[in-house]
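The structure appears right after this line, and notes come after that.
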Amino acid sequence: MSAPLLEVRNLSVEIVTGKEKLRVVEGASFSIARGECVGLVGESGSGKSMSAFAILNLFPSPQARIAGGDILLEGRSLRGLSPREWRQVRGAQIGMVFQDPSSYLDPLIPVGRQVAETLRAHGRNEGTEARVLELLDLMELPNAAEVARKYPHELSGGMRQRILIAAALALRPALLIADEPTTALDVTVQAGILNLLTRLRAELDLGILLITHDLGVVAETCQQVHVMYAGTIVEQNGVEPLFRRPRHPYTQGLLGSVLGPESRAGNLFSIPGSVPGARDMPHGCRFHPRCPAAKHGVCDTDEPPLVIRAEGGSDRCARAGEIANAWERAA
Ligand SMILES: Nc1ncnc2c1ncn2[C@@H]1O[C@H](COP(=O)(O)OP(=O)(O)O)[C@@H](O)[C@H]1O
Ligand code: SF4
Ligand SMILES: [Mg+2]
2 MSAPLLEVRN
12 LSVEIVTGKE
22 KLRVVEGASF
32 SIARGECVGL
42 VGESGSGKSM
52 SAFAILNLFP
62 SPQARIAGGD
72 ILLEGRSLRG
82 LSPREWRQVR
92 GAQIGMVFQD
102 PSSYLDPLIP
112 VGRQVAETLR
122 AHGRNEGTEA
132 RVLELLDLME
142 LPNAAEVARK
152 YPHELSGGMR
162 QRILIAAALA
172 LRPALLIADE
182 PTTALDVTVQ
192 AGILNLLTRL
202 RAELDLGILL
212 ITHDLGVVAE
222 TCQQVHVMYA
232 GTIVEQNGVE
242 PLFRRPRHPY
252 TQGLLGSVLG
262 PESRAGNLFS
272 IPGSVPGARD
282 MPHGCRFHPR
292 CPAAKHGVCD
302 TDEPPLVIRA
312 EGGSDRCARA
322 GEIANAWERA
332 A
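With the working numbering, letter number 48 in the sequence shown gets 49, and the count goes up by one each step, no holes.
Here you go:
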């Protein structure tokens, strides 16, 4: 069997300040095949962006670093690459888009030139203009030639995000990492971008890591999903089984807010509180202070391991079976 497009093995990320080392990602593992969209979902502060930055070896803060594990692209470890090799991997093999399209575009340069710049930065100087127009067409931007001459402020938020996706895919990378790509957009524009990603995935056989706090976005776009909480993956499964029979109370809480009270009467609970930081991580199950199913003496003693289940998927909950059954009974 050939290697997956991306394999993240037991990844840990820490932030080092003075003598303090904070683990913000702990033992995360997942893989992405070509043509597959994998969702990484969790509330703000779960460690999703840190995982993405680790894959790209591009942390926004010099204090953050990979503390353990491995990242393999088509079977080749990315750890220990030289800065020159990294520049080749980023853009050419892995494309990236972020939440706020405005902050990644230069307001003083027409957008077509900005996409062309990505090509030139990688030494593609021939046929640049034609390739830019082809990319803008691929992004379903009408009148590509006209759009290319516009400045960022002349375009809507959705169009700006399409320009950034065009730039991310300019060099035909096999993998796209999209970190909250639709969070800054309103709902109808968001749907357009998700449809675009779905089409690009199929047409270009693109692997996508889609990072979001919204399970609704995952339902529309992904095949596999990893739920992240306080730096660890707490549940993993195909999208269909995860929505049908979620086994972790945190997943159920996230789903409750997607499905709404009318379709989840009796089983809906909002999740009180917020994600703990690495400095005040609770003992035992990291979710126990917020978990409506927590049992004293079970959940507050040892951290549950991530267990692979015979029915498929994996979860990190000592009471997963009972909790999944309760969800199904209420459905
Ligand atoms: N520069 C930093 N210094 C200290 N802690 C940080 C820094 N950047 C992020 N963190 C912490 O790392 C954790 C994970 O953050 P992040 O990956 O951005 O979460 P997410 O993308 O899921 O919202 C959070 O607890 C956050 O507070
Ligand atoms: S182990 Fe206990 S506290 Fe943690 S999610 Fe499961 S039931 Fe809740
Ligand atoms: Mg983030």
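Ideal Cβ positions, reconstructed from N, Cα and C, are used throughout, including at glycine.
Nearest-angstrom Cα separation, counted from residue 158 out to residue 310: Within the sequence shown, residue 310 is the residue found at index 309, counting from 1. Within the sequence shown, residue 158 is the residue found at index 157, counting from 1. Going by the C-alpha atoms only, they are around 42 Å apart.
Between the CA atoms of residue 279 and residue 250 - distance to the nearest angstrom: Reading the sequence shown from its first residue, position 249 is the one you call residue 250. Reading the sequence shown from its first residue, position 278 is the one you call residue 279. So the two alpha carbons sit approximately 21 Å from each other.
Segment contact, 8 Å Cβ cut-off, at least three pairs: the stretch 12-23 with the stretch 60-76: yes
Residue 110 in three-state terms, based on DSSP: By 1-based counting over the sequence shown, the position of residue 110 is 109. Residue 110 falls in the coil class under three-state DSSP.
Same chain only: Cβ atoms within 8 Å of residue 11, ignoring 5 sequence neighbours per side: Here residue 11 refers to the residue found at position 10 of the sequence shown. Excluding residues within five positions, the ones whose Cβ falls inside 8 Å are 28, 29, 30, 69, 70, 71.
Proximity test, residue 228 beta-carbon vs ligand 1 heavy atom, cut-off 6 Å: Against the sequence shown, residue 228 aligns to sequence position 227. No, ligand 1 has no heavy atom inside 6 Å of this Cβ.
Cβ neighbour criterion (16 or more within 10 Å) applied to residue 55: Within the sequence shown, numbered from 1, the residue matching residue 55 stands at position 54. Buried, since its Cβ has 16 or more Cβ neighbours within 10 Å.
Whole runs of the alpha helix (DSSP H) within the stretch 113-192, excluding any shorter than 4 residues: 129-139, 145-149, 158-170
Segment contact, 8 Å Cβ cut-off, at least three pairs: the stretch 112-124 with the stretch 166-177: yes
Environment of residue 154 [buried if 16+ CB atoms lie within 10 Å]: By 1-based counting over the sequence shown, the position of residue 154 is 153. Its Cβ having fewer than 16 others within 10 Å, residue 154 is exposed.
Minimum C-alpha distance to residue 110 - residue among 125, 99, 76, 156: Walking along the sequence shown from the start, residue 110 turns up at place 109. Nearest of 125, 99, 76, 156 to residue 110, Cα basis: 156.
Contact belief for residue 91 with residue 57 at Cβ below 8 Å, rounded distance in angstroms: The residue given as residue 91 occupies position 90 in the sequence shown. The residue given as residue 57 occupies position 56 in the sequence shown. Right, the Cβ-Cβ distance comes to about 6 Å (below 8 Å), so this counts as a contact.
Alpha-carbon to alpha-carbon, residue 236 and residue 312: To locate residue 312, count along the sequence shown from 1; it is residue 311. To locate residue 236, count along the sequence shown from 1; it is residue 235. So the alpha carbons of these two residues sit roughly 13 Å apart.
Residues sharing a beta bridge with residue 298, DSSP: Taking the first residue of the sequence shown as position 1, residue 298 is located at position 297. Looking at the DSSP assignment, residue 298 forms no beta bridge with any residue, so it has no partner.
Neighbour-count burial assignment, residue 83, 16 or more Cβ in a 10 Å radius: Here the question's residue 83 lines up with position 82 in the sequence shown. Classification for residue 83: exposed.
Reduced DSSP category for residue 276 - H, G, I as helix; E, B as strand; rest coil: For the purposes of this step, residue 276 is taken as residue 275 along the sequence shown, with counting starting at 1. The answer is coil: DSSP assigns residue 276 none of H, G, I, E or B.
Host beta strand (DSSP E) of residue 20 (start-end): In the sequence shown, residue 20 corresponds to position 19, counting from 1. It is not in any beta strand (DSSP E) - residue 20 carries neither H nor E in the DSSP assignment.
Distance cut-off 6 Å: residue 49 Cβ against heavy atoms of ligand 1: Counting from 1 along the sequence shown, the entry for residue 49 is found at position 48. It does: the Cβ of residue 49 is within 6 Å (strictly closer) of some heavy atom of ligand 1.
Whole-angstrom C-beta distance between residue 33 and residue 176, which should lie under 8 Å: Walking along the sequence shown from the start, residue 176 turns up at place 175. Walking along the sequence shown from the start, residue 33 turns up at place 32. Confirmed, Cβ separation roughly 7 Å.
Inter-residue Cα distance where the pair is residue 143 and residue 217: One-based indexing of the sequence shown puts residue 143 at position 142. One-based indexing of the sequence shown puts residue 217 at position 216. Roughly 28 Å between the two C-alpha positions.
Same chain, Cβ closer than 8 Å to residue 256, neighbours up to 5 away in sequence not counted: Counting from 1 along the sequence shown, the entry for residue 256 is found at position 255. Counting only Cβ-Cβ distances below 8 Å, and skipping sequence neighbours, we find 216, 244, 247, 265.
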